[in-house]
Every structure is written in structure tokens, then in C-alpha cells.
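Asks: My questions all concern the structure below.
In my numbering, the protein residues as written are 65 to 205.
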């Protein structure tokens, strides 16, 4: 019964937020609700978890904004670039993946100070499930 009330509250709260927010803000709010529910975070865990998660999310966004743009543009222009440019783009891509992996490692180490490894795996599943929900919704629209 408690879960039903919690879910109803999330949907009610989310629907009110949806009308007042941009699409990105809506998605972020829904993602927060989804992850919080999936991980069943205690109040203390949530207080410690979200600053770490948000910091990691910002760093990841920044990394991809800075490094992925050139690679993506190169892929989009693949028919017109020369071999040297392609080599440089592949090197940038590999560098991006290495930095991303290092960032994930730091994230897991920080998170483990707050939540268990099982909850870290539950987080990965919750993020994957949320992306599936978004894709399904996108296909419907």
C-alpha cells in the first residue's frame, strides 16, 4: 500500500512539474524519481548519493560535449575526410572512451562510500530501464 501511495505521489508530482518545466527538466525529474524508487534509498543515502551522481553526470556531459563533437562531426563527414583526419578522430575517440572509463571508476569508488555494490548495479539497471522507457515513449510520439 505504501508503494502505491508513493507511486501515485510521484506521478502526481511529476505531472505538475511537467507542465512547468522544459523537456530536459521533465526528463531529469522523472529520472530522479525512477532511480530513487529503484534503489529504495534511505534519506541519508539519498542525501549523500545525489550530489555524487549529479557531479558525475555533469562531468560526463562535459566530457562528451568537449570530445564527442569533433568525432561525431568527423563521422558525419566520413566521405570527405582524409586518412590523417580519420586517424586523429579515432585517437580522440579512444581517448574519450579511456577518460569515460576512468570517470566511471572514480564514480563507483565514490558511490561505494555511500551505497553498496549491489545498489550500484541496481543503479545501472535503473538507468538502463529508464532509457528504455524514454525510447518507448519517443517511438509512441
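Here a beta-carbon is modelled for each residue, glycine too, at the ideal position from N, C-alpha and C. All figures in this text were calculated on a predicted structure; none of them were measured in a lab.
Just the C-alpha distance for residue 135 and residue 155, rounded to the nearest angstrom, thanks.
Replies: Numbered from 1 along the chain shown, position 71 holds the residue referred to as residue 135. Numbered from 1 along the chain shown, position 91 holds the residue referred to as residue 155. Computed Cα separation, rounded: 9 Å.
Asks: When you compare the CB positions of residue 160 and residue 131, do they come within less than 8 Å of one another, or not?
Replies: Translated into positions along the chain shown, residue 160 becomes position 96. Translated into positions along the chain shown, residue 131 becomes position 67. The answer is yes: Cβ separation under 8 Å.
Asks: So, for residue 167: in the same chain, excluding its five sequence neighbours on each side, which residues have a beta-carbon less than 8 Å away from its beta-carbon?
Replies: Locating residue 167 in the chain shown gives position 103, counting from the first residue. So the list reads 120, 123, 124, 127, once near-sequence residues are dropped.
Asks: Mind reading off the beta-carbon distance from residue 175 to residue 116? Whole number of angstroms is fine, and I expect it under 8 Å.
Replies: Reading the chain shown from its first residue, position 111 is the one you call residue 175. Reading the chain shown from its first residue, position 52 is the one you call residue 116. About 6 Å; that satisfies the 8 Å criterion.
Asks: When the Cα atoms are used, what is the spatial distance from residue 204 to residue 111?
Replies: In the chain shown, the residue the question calls residue 204 occupies position 140. In the chain shown, the residue the question calls residue 111 occupies position 47. Distance between the alpha carbons of residue 204 and residue 111: 35 Å.
Asks: When the distance is taken between beta carbons, is residue 94 closer than 8 Å to residue 190?
Replies: Taking the first residue of the chain shown as 1, we reach residue 190 at position 126. Taking the first residue of the chain shown as 1, we reach residue 94 at position 30. No, these two residues do not count as a Cβ contact at 8 Å.
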